[in-house]
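A short worksheet on the structure shown next.
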Amino acid sequence: MLDRRKGPDILVKWVKWSGIMSWILVSAIFFITLIAKPGFESYMDKSFHIKLQSNWNTELLQCVLVLLVLLFFFCIISIPINLSRCRRKSDRFNKTLIVNAVAAFIGIMLYLLFFI
41 MLDRRKGPDI LVKWVKWSGI MSWILVSAIF FITLIAKPGF ESYMDKSFHI
91 KLQSNWNTEL LQCVLVLLVL LFFFCIISIP INLSRCRRKS DRFNKTLIVN
141 AVAAFIGIML YLLFFI
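Numbering (the numbering used here), first residue to last: 41 to 156.
Structural data, given as structure tokens:
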């Protein structure tokens with residue numbers, strides 16, 4: 041059968057870049073969460089009476105929640121677009137979108153459970 045596609049259309053490009061964008065969002069979420077986390081008090085901190093942050097930074101955690109919701113809806117929108125483009129044997133389904141959507145949903149539930 042003759043392949044009449046001249047090149048990747050906008051949906052094929054969306055499928056390619058959606059996986060990359062979702063991992064960029066996941067990286068940002070991890071980085072902000074590490075900053076918002078309270079510090080671990082070591083022996084040296086106790087010896088020199090260094091004050092550490094004792095609780096979570098709620099302002100940064102609100103940013104994390106916004107990014108989690110954005111990631112979840114971005115993945116939910118990208119999954120049907122990806123499914124509509126999987127017609128040929130050479131087309132591949134981007135499984136990272138499902139993994140990131142599930143992880144974002146779990147993250148949202150954990151935030152609602154522990155911080156509200």
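Even glycine gets a Cβ: it sits at the ideal position worked out from N, Cα and C.
Contact between N140 and L111 holds, since their C-beta atoms are separated by about 6 Å, short of 8 Å. Excluding its 5 nearest sequence neighbours in each direction, Y151 has C-beta neighbours in its own chain below 8 Å: L101, V104, L105 and L108, listed in chain order.
Remark: three or more beta-carbon pairs, one from each stretch, lie closer than 8 Å, so the segment 92-100 and the segment 76-84 are flagged as touching. Residues of the same chain with a CB within less than 8 Å of the CB of W54, apart from the 5 flanking positions on each side, are S118 and I121 in chain order.
When the beta-carbon positions are compared, S62 and F113 stay at least 8 Å from each other. Residue state for S124 is assigned as helix, using DSSP reduced to three classes.
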